[in-house]
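Beneath this line is the structure, given in structure tokens, with notes to follow.
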Ligand SMILES: *[C@@H]1O[C@H](CO)[C@@H](O)[C@H](O)[C@H]1NC(C)=O
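In my numbering, the protein residues as written are 33 to 366.
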């Protein structure tokens, strides 16, 4: 990098609107988290801990989150950050986990008027340091490397109630292409821009639905059946499922369960909405709220559709019995 470019990006870093600085920093922070995730896999000791049924945590989740929270909270001390692995910052963070750079192409965006003057205390950052942990651990145990596709790092930025900006980093993108750089990072800000991927158009002549790989039950299945899919893609991670919508590989993402959390959907939802897709609950067909006090579970299920799809058609197909089950489960959660 020439000294001039460094100077320009430094200048932009201090003058760009806060929302752009947060997303621009999150891009670099997510890249670093991806390196940490790959390093831990290649060292061969994942340090697996069982948090609950079907809920694993590894050294990669813990270290990636530590790096993400340390970096973002050092740069944006007034922003509330909520992470899947808790939100405390450990005191001895390795200095090379503390990221201070930001992505110049995001900093240079033109910010829409409604986001220009957003302040730190209006933002909440939702972090899933490693979405698809069960695929990550299974890839390691069973050596089925294709499961690594499902692993993502998610950093979502909410303004008030609304998911507005998102970053999805895929640490193992390109692992089959020799010599190609590993990993990619996609991002989007509603009304502002998106990058890191090419928008694909979803199939027109058939209906492809993506859903959970590891949390299938009778309710999830009956909502899925009601959509009369031609093909079902069972993959891990909300991040990876929404990527299939962004890139035109699936028409809809249907998950009739309260098992998904705000840190799973904030970033993917913002990017999907930035390109004209839609993500809502399954009971009322409304967007989830992402303010700091909201319940962490998406207890009313997740229905997401690719740009150009008729979201209301999918919503209308959800069986009444599923809707009732999902509206009842909201009382039993935090
Ligand atoms: C990260 O680096 C910044 C800038 O050098 C520093 O102010 C901050 O204290 C560091 N944060 C942590 C958690 O080490």
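Don't be surprised by glycine CBs; every beta carbon is placed ideally from N, CA and C. As the structure is a computational prediction, the values presented were derived from the model and not from experiment.
Check, Outcome
"Grouping DSSP H, G and I as helix and E and B as strand, with all else coil, what is residue 360?", "helix"
"Grab me the residues of residue 130's own chain with a C-beta within less than 6 Å of its C-beta, minus the 5 sequence neighbours each way, in chain order.", "102 and 103"
"Taking the continuous beta strand (DSSP E) assigned at residue 207, which residues delimit it?", "Neither: residue 207 is in no beta strand (DSSP E) and is coded neither H nor E."
"Per the DSSP calculation, residue 325 is bridged to which residue(s)?", "Looking at the DSSP assignment, residue 325 forms no beta bridge with any residue, so it has no partner."
"Just list the residues that DSSP pairs residue 115 with in beta bridges.", "159"
"Given this structure, state the Cα-to-Cα distance separating residue 220 from residue 198, to the nearest angstrom.", "5 Å"
"Closer than 6 Å: is that where the CB of residue 102 sits relative to any heavy atom of ligand 1?", "yes"
"Counting only runs of 3+ residues fully inside the segment 254–311, write out the beta strand (DSSP E) ranges in chain order.", "263–266 and 284–287"
"Name, in chain order, the residues that DSSP records as bridge partners for residue 153.", "Bridge partners of residue 153: none, in fact."
"Relative to ligand 1, is the shortest distance from any of its heavy atoms to the C-beta of residue 254 smaller than 6 Å?", "no"
"Thinking C-alpha only, which one of 99, 142, 171 and 355 is nearest residue 76?", "171"
"Taking 6 Å as the limit between beta carbons, can you name the residues of its chain near residue 218, skipping five residues before and five after?", "200, 228 and 229"
"Express the C-alpha separation of residue 240 and residue 348 in angstroms, rounding to a whole number.", "17 Å"
"Say yes only if the C-beta of residue 106 is nearer than 6 Å to one or more non-hydrogen atoms of ligand 1, and no if none qualify.", "yes"
"Who are residue 89's beta bridge partners in DSSP?", "81"
"If you follow the alpha helix (DSSP H) that residue 66 is part of, which residue opens it and which one closes it?", "50–75"
"Can you list, in chain order, the residues of its chain with a C-beta nearer than 8 Å to that of residue 88? Leave out the 5 residues immediately preceding and following it.", "80, 81, 82, 165, 166 and 169"
"Would you say the beta carbon of residue 330 is closer than 6 Å to some non-hydrogen atom of ligand 1?", "no"
"Beta carbon of residue 150: closer than 6 Å to some heavy atom of ligand 1?", "no"
"Between the beta-carbon of residue 159 and the beta-carbon of residue 225, is there less than 7 Å?", "no"
"Under 6 Å from any heavy atom of ligand 1, does the C-beta of residue 125 make it?", "yes"
"So what's residue 335 in DSSP terms, helix, strand or just coil?", "strand"
"Going by C-alpha to C-alpha distance, which of 53, 51, 296 and 120 sits closest to residue 274?", "296"
"Is it buried or exposed, residue 195, if we count other Cβ atoms within 10 angstroms and call 16 or more buried?", "buried"
"Distance check for residue 111 and residue 260, CA to CA, integer angstroms please.", "43 Å"
"Can you tell which of 245, 67 and 331 has the C-alpha that lies nearest to the C-alpha of residue 179?", "245"
"In the DSSP assignment, what are the bridge partners of residue 195?", "190"
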